[in-house]
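K.L.:
Got a structure for you, questions after.
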Amino acid sequence: MSRVVVIAGATSGIGRAAAREFAGRGDRLVLAARSPETLAEVRRECRDAGAEVRDVPTDVTEPGALDALAATALAEFGRIDVWVHTAAVMAYGRFEDVPAEVFEQVVRTDLLAAAGAARVALRHFKSVGGGTLILTGSVLGHVTAPYMSGYVTSKWGLQGLTRALQQEARELPGVNICLVNPGSVDTPVYQQAANYLGRIGRPPLPITTPERVARAIAHCVDRPRREVSVGRANVVMRAGFTLLPGVYDVLVGPLMRLAGLARRPVEPHDGVVFSPNPAGEAVRGGWLPDLAGLARSVGGFAAARGGRAARSLGGSALAGGTRAAKAVGDSATAVSAALLRRDG
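As structure tokens, this is what we get:
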């Protein structure tokens with residue numbers, strides 16, 4: 001039987017990927033985010049996948065907005081089985097350079113709105129005897145990085161909040177609370193972030209896809225887990241932060257400036273902290289190459305070269321070797337160009 005899934009933050013990045021993932025499973029969806037026009041796009045995507053969908057324009061920081069979202073889900077579908085909270089914003093800058101109102105809105109969106117979602121969802125789950133709440137944290141809920149103080153503060157707070165809720169939920173059979181902690185993910189959140197640092201942010205390597213995080217979220221519905229880490233470098237970062245704090249603090253600043261900031265300069269701005277930018281909303285942020293398309297193009301290129309080589313077997317071995325070498329070189333050039341075709 002299909003589940004009723006509420007997704008807050010459904011128009012971009014992990015939230016949009018999660019909407020597509022649950023739609024593909026045949027679940028019924030209630031999608032929420034600030035931008036009505038982008039919500040309509042995601043609704044169409046999910047309906048094209050065969051899902052029954054309602055979209056509710058929602059600013060999760062507004063008083064009463066999450067209660068209204070739950071009321072709509074109950075009115076439309078009669079119940080809520082899963083609540084996924086992915087809404088988040090980000091701001092770059094030294095702590096003293098980030099305006100106080102921007103810092104506070106980041107915390108309000110990333111931490112206090114998540115707490116509000118948990119309050120609404122858990123109240124319903126308790127009344128009906130079960131349900132799954134999935135919150136989206138970050139590896140930055142376990143480690144720290146400079147120039148992202150509001151986001152780090154929020155994710156550390158969310159880590160503590162989730163742990164406390166999980167302890168309390170032991171008294172509520174059938175209620176599951178899961179925290180999914182991604183590392184670097186190829187989403188638009190970095191370009192959309194507020195910035196007072198002069199250089200646009202970017203996800204440091206290694207970068208995972210939002211689709212992979214979405215699959216981890218969906219898997220939590222089938223097999224709930226207290227915490228799921230998504231990202232190959234997460235364990236290494238946490239180990240360094242915990243076991244070698246002095247070394248970590250010496251290295252994290254230079255590494256952040258090298259790998260976490262693009263070279264492109266940017267004027268101070270508040271990004272999407274206070275209002276959405278529909279033009280910048282998408283599943284991917286463009287930080288990873290299109291590996292599937294790259295494989296198809298290189299494979300087609302190699303096949304074409306191979307066909308021509310087979311037709312010209314009567315040629316000299318030297319000429320054949322020269323053509324093969326050129327084919328390999330052209331393929332390598334295509335791969336390199338695709339890998340370099342990204343910002344910064």
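Going by the UniProt record's numbering, the first residue of the sequence shown is number 1, and it counts up by one from there. We put the beta carbon where it would ideally sit given N, CA and C, even for glycine.
1. Tell me, please, which residues DSSP counts as bridged to Asp-55.
2. With 16 as the cutoff for other CB atoms within 10 Å, does Glu-168 come out buried or exposed?
3. Could you give the first and the last residue of the continuous alpha helix (DSSP H) run that contains Trp-156?
4. Does the count of Cβ pairs from the segment 151-164 and the segment 195-205 closer than 8 Å reach three?
5. Taking Gly-116 as part of the alpha helix (DSSP H), name the residues at either end of that continuous run.
6. Helix or strand or just coil, what does DSSP make of Pro-265?
7. Can you say whether Leu-179 is buried or exposed, counting buried as having 16 or more other CB atoms within 10 angstroms of its CB?
8. Taking only three categories from DSSP, how would you classify Arg-3?
9. Per the contact definition of three or more C-beta pairs closer than 8 Å, is the segment 28-47 in contact with the segment 95-106?
10. Given this structure, state the Cα-to-Cα distance separating Arg-25 from Gln-105, to the nearest angstrom.
11. Between which two residues does the alpha helix (DSSP H) containing Asn-234 stretch?
12. One question on the structure: do Ala-114 and His-142 come within less than 8 Å of each other, judged by their Cβ atoms?
13. Please go through the same chain and pick out, in chain order, the residues whose beta-carbon is closer than 8 Å to the beta-carbon of Thr-208, but skip the five residues on each side of it.
14. Cα separation between Ala-65 and Phe-77?
15. Going by C-alpha to C-alpha distance, which of Leu-243, Ala-10, Ala-282 and Met-148 sits closest to Phe-95?
16. Exposed or buried, which one is Arg-223 when buried takes at least 16 other CB atoms within 10 Å?
17. What are the boundary residues of the beta strand (DSSP E) that includes Gly-183?
18. For Pro-206, I'd like the list of residues in its chain whose CB is within less than 8 Å of its CB, leaving aside the five on either flank, ordered along the chain.
19. Using the Cβ count rule (16 or more neighbours within 10 Å means buried), how would you classify Pro-188?
20. Taking the alpha-carbon positions, what's the Leu-161 to Asp-59 distance?
21. So what's Tyr-190 in DSSP terms, helix, strand or just coil?
22. Determine, using beta carbons only, whether Val-247 and Gly-240 come nearer to each other than 8 Å.
23. Just to confirm the assignment, what range does the alpha helix (DSSP H) spanning Glu-76 have?
P.N.:
According to the structure shown:
1. Beta-bridge pairing links Asp-55 to Leu-31.
2. So Glu-168 counts as exposed.
3. Trp-156 -> alpha helix (DSSP H) spans 149-169.
4. Output reads no: the segment 195-205 does not touch the segment 151-164.
5. Element bounds for Gly-116: 113-128.
6. DSSP places Pro-265 in the strand class (E or B) of the three-state scheme.
7. With 16 or more Cβ atoms within 10 Å of its Cβ, Leu-179 is classed as buried.
8. The three-state reading of DSSP puts Arg-3 in coil, since its state is none of H, G, I, E or B.
9. Touching, no, given that fewer than three Cβ pairs across the two stretches are closer than 8 Å.
10. Using only the alpha carbons, I get a separation of about 34 Å.
11. Where Asn-234 is concerned, the enclosing alpha helix (DSSP H) stretches over 234-243.
12. With contacts defined as CB atoms closer than 8 Å, Ala-114 and His-142 fail to qualify as a contacting pair.
13. Non-local beta-carbon contacts of Thr-208 in its own chain, meaning distances under 8 Å to residues more than five positions away in sequence, involve Pro-182, Gly-183, Ser-184, Val-185, Asp-186, Val-230, Gly-231 and Arg-232 in chain order.
14. In a straight line, the C-alpha of Ala-65 is about 18 Å away from that of Phe-77.
15. Nearest of Leu-243, Ala-10, Ala-282 and Met-148 to Phe-95, Cα basis: Met-148.
16. Under the 10 Å beta carbon count, Arg-223 is surrounded by fewer than 16 other beta carbons and is classified as exposed.
17. Taken as a continuous stretch (DSSP letters only), Gly-183 belongs to no beta strand (DSSP E), as it is neither H nor E.
18. If we look at Pro-206 and ignore the five residues flanking it on each side, its Cβ neighbours are Gly-183, Ser-184, Gly-231, Arg-232 and Ala-233.
19. Around the C-beta of Pro-188, 16 or more other C-beta atoms lie within 10 Å, and the residue is accordingly described as buried.
20. In this structure, the straight-line span from the alpha carbon of Leu-161 to that of Asp-59 is close to 21 Å.
21. The answer is helix: DSSP assigns Tyr-190 an H, G or I state.
22. One thing to note: Val-247 has its Cβ within 8 Å of the Cβ of Gly-240.
23. Looking at the DSSP string, the run of the alpha helix (DSSP H) that includes Glu-76 is 65-77.
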